[in-house]
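Report on the structure given below.
There are 2 protein chains.
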Amino acid sequence: MSKYESYIESNKDQMLEELIDLLKIPSISADPAYKGDVEKTAQVVANHLISAGADNVTVEETPGYPVVYGEKMVSPDAPTVLVYGHYDVQPPDPIELWDSPPFEPVIKKTDLHPEGAIFARGACDDKGQFFMHVKAFESMMQNGGSPVNVKFMIEGEEEVGSANLGWYVARNREKLACDVILISDTGMIGPDTPSITTGLRGLSYVEVKVTGPNRDLHSGLYGGAVANPINILSKMIGSLHDENNHITVEGFYDKVQDVSDEERAGMAKAPFSEEAYKKALDLSDTWGEKGYSTIERASIRPTLDVNGIWGGYTGEGAKTVIASWAKAKISMRLVPDQDPNEITDIFLKHFTKIAPSSVKVEVTPHHGGEPYVTGIDHPGYRAAATAMKASFGKDAIPMRSGGSIPILSLFERELGAKSILMGFGLDSDAIHSPNEHYGVRNYFMGIKTIPLWFEAYAEEMKG
Amino acid sequence: MSKYESYIESNKDQMLEELIDLLKIPSISADPAYKGDVEKTAQVVANHLISAGADNVTVEETPGYPVVYGEKMVSPDAPTVLVYGHYDVQPPDPIELWDSPPFEPVIKKTDLHPEGAIFARGACDDKGQFFMHVKAFESMMQNGGSPVNVKFMIEGEEEVGSANLGWYVARNREKLACDVILISDTGMIGPDTPSITTGLRGLSYVEVKVTGPNRDLHSGLYGGAVANPINILSKMIGSLHDENNHITVEGFYDKVQDVSDEERAGMAKAPFSEEAYKKALDLSDTWGEKGYSTIERASIRPTLDVNGIWGGYTGEGAKTVIASWAKAKISMRLVPDQDPNEITDIFLKHFTKIAPSSVKVEVTPHHGGEPYVTGIDHPGYRAAATAMKASFGKDAIPMRSGGSIPILSLFERELGAKSILMGFGLDSDAIHSPNEHYGVRNYFMGIKTIPLWFEAYAEEMKG
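Chains as they are written, first to last, in our numbering: chain A, 3 to 465; chain B, 3 to 465.
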């Protein structure tokens, strides 16, 4: 048992209670209606950092939602770790599919979480995971302090593309100076299969609007003679994948780095059952780019997904209308070395080009993020491997994830530091979905593992 | 001036006031929330028929919304006219595009209505138009009575496919027995270009649902490996038209009657400006089936239009989700001799067949209606030509409309009578759209023309 572990054991109830209270605040950054709650959450996080023992804690204003900063400087000669996380959450829609209200956390047992999981929006992504760092830090502070300098930067706009974090980081380069960034906002392969994420996909997110007639029309009187924006938008979207499910946007694959046969062979060894995957999602078949496995399609290959579509009459019954416009939200996941701005540009050109002259097309970029890779020879990665081995009793598997944390490339550019992605969630935790949850055991495994990482990292940096 | 005209002139204000009051009741048959208002409207219509001088007025129950019946039998030897109309209206969505609330009628001048038009949902379709018949009937009753027997049948489910009118008509064949049916639920070519509708398109309306995974998924973790129901639905919809905008549903055109070159040449003579059409709708181009003109595409050719589509995240901002399902409402306008049930069946087969194995597809039929044609040699048509010539001072043009009144074929089958479509609306009246309106002059031209039709029809039947 590590010296922190007994402290954690004897404060378990409170550590759980505090997370549950944090989950009750609907800090939905995408919806302006929740502005007050997002801002309140920043204040609550700041208070937790102060109680945990951080110095110079401030709720720092940005053009958007604030960043919560705090630090513990143990020595100018010691290495410095920047802990990054986010206190904002995804919208809970579709709310009717939640078994319990998204902002009234409940603990229930599941097959994968026999000791119980906390069901709430943000339970895993990312309140449950960043809060592990606050509690791990508290454990260190109460048991002899941290072996390295620690800085916290907890933001409130990750779920809307970290719109102002670049602004903040650029203005605070010195304050945020660090040797490595530590983040828990990813998952591991299974409850007893620790893994560390070494690569993430990038993102380009756009909203498109196709406009036909200047008003809604009667589909009987005008149908057949006027371009129907929903039909046209559907056809345009349909044309974005070919018969092999390759993306047809011109130039889309130009900068995609092919992954070596060796690395693909390594990936194929990860424990994965296509049948279990299909069964868990109730699918008769998987789907995707010809020539790649399911794991490859979800990690080393770029994608194009419509995240939302709407237009015309969507109420009860039948309305015979030709809508004036139709809209869709479209996101593309990117892999090294695709550049999100470049991809947004070529998408815009392509989408405009394929539109028939009978409609008008608008493409509005939402946000983007660069794809990212950290090598397994990085001292921060080695520290994560050591810490996870110590707490799980098993070697952690390095893996690439299909998700995106758009800000990692910016950190590297502005702060010159790599990010270590040591996450404790599970794929089945339903982040971004109804009934998001986070295993109580995962939460405490994180709180126990993080101080071990700090010790191992201090060792790595000595040697 | 006809003997009715001075009566109409001196009762103008009241006739307008009564219509405005009727328009204030939101009788939206598609939305169960308005049940009370729909039923109230039936009662109000019955009271108007009684005041106008009808006998045996009853609000007749059906399995759905009631039918309002009333009659004036002048002689067992006289011919009998059944006036059909509907007191229900379309939903007002999208409500934010209305310049004034849809159920608070206001009179405003427009370019095409220099004497003012009434802006309200149902102003033209069909409250304003069926109510002309009530007021025209009152004018006849106050000035010597009707030259023929008159029956009224005003229903409350036309906008949801007249779901129970077949049930009602089949049970009341004797009561509804008639020589001809007179309907004002269509338009004319222009404010001073009277026309009479001789043909209508039929309708097949379905709702489709494409289901992928059993829950919403994170598009980063699953994107690329799981069929996205919105992408798939879009591709399926996109495939329903080929590069010449022919509909690709197998067997769709099998029963389409080709219109003779002669009739097409006649249609080409109707006053129509492609430029004005495009300008009115703010379109850079029209669109449609190769080989046909705009007028032909909107009247003698069948169509397939998506009336609504929805799925995934449609709120503000960006949510990186793969939706569990996507839905669309799709309607097909049909021409003689396409059968709506047959078309619904082949659509269902086709749509199921083109779905990839990675999704599930459901197709739910909403309602249908058969295409319809009345010859210009029918005595009811000749009476309409005489009446319109007398009131407009111009020959009326026979025309085919792209819209549907699904019940006409049923009337012919059950009652053995043809329908005469003498409507007074304009294409620009925005029926089924925001800012629906009906010209005050059109309303009174209708009230004046209808008694002339009754006189002309009595004459035709004598001869």
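Just so it is clear, CB atoms sit at the ideal spot from N, CA and C, and this is done for glycine as well.
Expected contact under 8 Å - CB spacing of residue i and residue j to nearest Å
i	j	result
residue 54 of chain B	residue 143 of chain B	6 Å
residue 476 of chain A	residue 326 of chain B	Any property of residue 476 of chain A remains undetermined from this structure, which presents chain A solely from 3 to 465.
residue 333 of chain A	residue 354 of chain B	With 8 Å as the limit, residue 333 of chain A and residue 354 of chain B do not qualify as a contact, their Cβ atoms being about 29 Å apart.
residue 188 of chain A	residue 195 of chain A	With 8 Å as the limit, residue 188 of chain A and residue 195 of chain A do not qualify as a contact, their Cβ atoms being about 14 Å apart.
residue 247 of chain B	residue 290 of chain B	6 Å
residue 234 of chain B	residue 361 of chain B	5 Å
residue 166 of chain B	residue 66 of chain B	4 Å
residue 162 of chain B	residue 32 of chain B	5 Å
residue 320 of chain A	residue 369 of chain B	6 Å
residue 437 of chain B	residue 426 of chain B	With 8 Å as the limit, residue 437 of chain B and residue 426 of chain B do not qualify as a contact, their Cβ atoms being about 19 Å apart.
residue 191 of chain B	residue 399 of chain B	6 Å
residue 95 of chain B	residue 160 of chain B	18 Å between Cβ atoms; not a contact.
Terminal residues of the beta strand (DSSP E) in which residue i lies
i	result
residue 469 of chain A	Nothing can be reported for residue 469 of chain A, as the shown portion of chain A is limited to 3 through 465.
residue 371 of chain A	362–371
residue 307 of chain B	307–314
residue 301 of chain A	Run containing residue 301 of chain A: none; DSSP gives neither H nor E here.
residue 209 of chain A	204–213
residue 420 of chain A	420–423
Where the alpha helix (DSSP H) containing residue i begins and where it ends
i	result
residue 459 of chain B	442–464
residue 12 of chain B	7–12
residue 349 of chain B	342–355
residue 233 of chain B	231–240
residue 279 of chain A	276–283
residue 394 of chain A	381–394
residue 51 of chain A	37–54
residue 266 of chain B	263–269
Residues that DSSP places opposite residue i in a beta bridge
i	result
residue 337 of chain B	DSSP, once it has assigned bridges, lists no residue as partnering residue 337 of chain B.
residue 71 of chain B	B:60 and B:155
residue 86 of chain A	A:155 and A:185
residue 407 of chain B	Answer is none; residue 407 of chain B lacks a bridge partner.
residue 220 of chain B	B:323
residue 439 of chain A	A:121
residue 197 of chain A	A:399
residue 330 of chain A	A:210 and A:311
residue 428 of chain B	B:190
residue 91 of chain B	B:30
residue 249 of chain B	B:243
residue 258 of chain B	Per DSSP, none; premise fails for residue 258 of chain B.
residue 375 of chain A	A:201
CB contact below 8 Å: residue i versus chain D
i	result
residue 50 of chain A	The displayed structure is made up of protein chains A and B, and chain D is not among them.
Looking at C-beta atoms only, is the number of pairs between the segment 308–319 of chain A and the segment 245–261 of chain B that lie closer than 8 Å three or more? Touching, no.
Note down, one range per segment and in chain order, each beta strand (DSSP E) of at least 3 residues found wholly within the segment 104–171 of chain B. Here the runs fully enclosed are 108–110, 119–121 and 151–157.
Evaluate the contact criterion for the segment 290–303 of chain B versus the segment 408–424 of chain A: three or more CB pairs, one atom per stretch, below 8 Å. Pairwise C-beta distances place the segment 290–303 of chain B out of contact with the segment 408–424 of chain A, as fewer than three of them are shorter than 8 Å.
Would you say the segment 110–125 of chain A touches the segment 45–60 of chain A, given that touching needs at least three Cβ pairs under 8 Å? Contact fails: fewer than three Cβ-Cβ distances are below 8 Å.
When the Cβ atoms of the segment 359–379 of chain A are set against those of the segment 419–426 of chain A, are three or more pairs found closer than 8 Å? By the Cβ criterion, the segment 359–379 of chain A is in contact with the segment 419–426 of chain A, since at least three pairs of Cβ atoms, one from each stretch, lie closer than 8 Å.
Pair every Cβ in the segment 219–229 of chain B with every Cβ in the segment 159–179 of chain B, then say whether three or more of these pairs are closer than 8 Å. Here the segment 219–229 of chain B makes no contact with the segment 159–179 of chain B; the two share fewer than three CB pairs at distances below 8 Å.
Across the segment 98–105 of chain A and the segment 72–84 of chain A, are there enough close Cβ pairs to call them in contact, namely three or more that are closer than 8 Å? The segment 98–105 of chain A, when compared against the segment 72–84 of chain A, does not touch it at the 8 Å Cβ threshold.
Would you say the segment 445–464 of chain A touches the segment 25–35 of chain A, given that touching needs at least three Cβ pairs under 8 Å? Between the segment 445–464 of chain A and the segment 25–35 of chain A there are fewer than three inter-stretch CB-CB distances shorter than 8 Å, so the stretches are not counted as touching.
Validate contact between the segment 224–234 of chain A and the segment 3–12 of chain B using beta carbons, cut 8 Å, 3 pairs: Not touching, per the Cβ criterion.
Inter-stretch contact at 8 Å, needing at least 3 Cβ pairs: the segment 389–398 of chain B / the segment 148–156 of chain B: Segments in contact, no.
Can at least three beta-carbon pairs, one atom from the segment 333–350 of chain B and one from the segment 253–262 of chain B, be found at a separation below 8 Å? Flag = yes, the segment 333–350 of chain B and the segment 253–262 of chain B touch.
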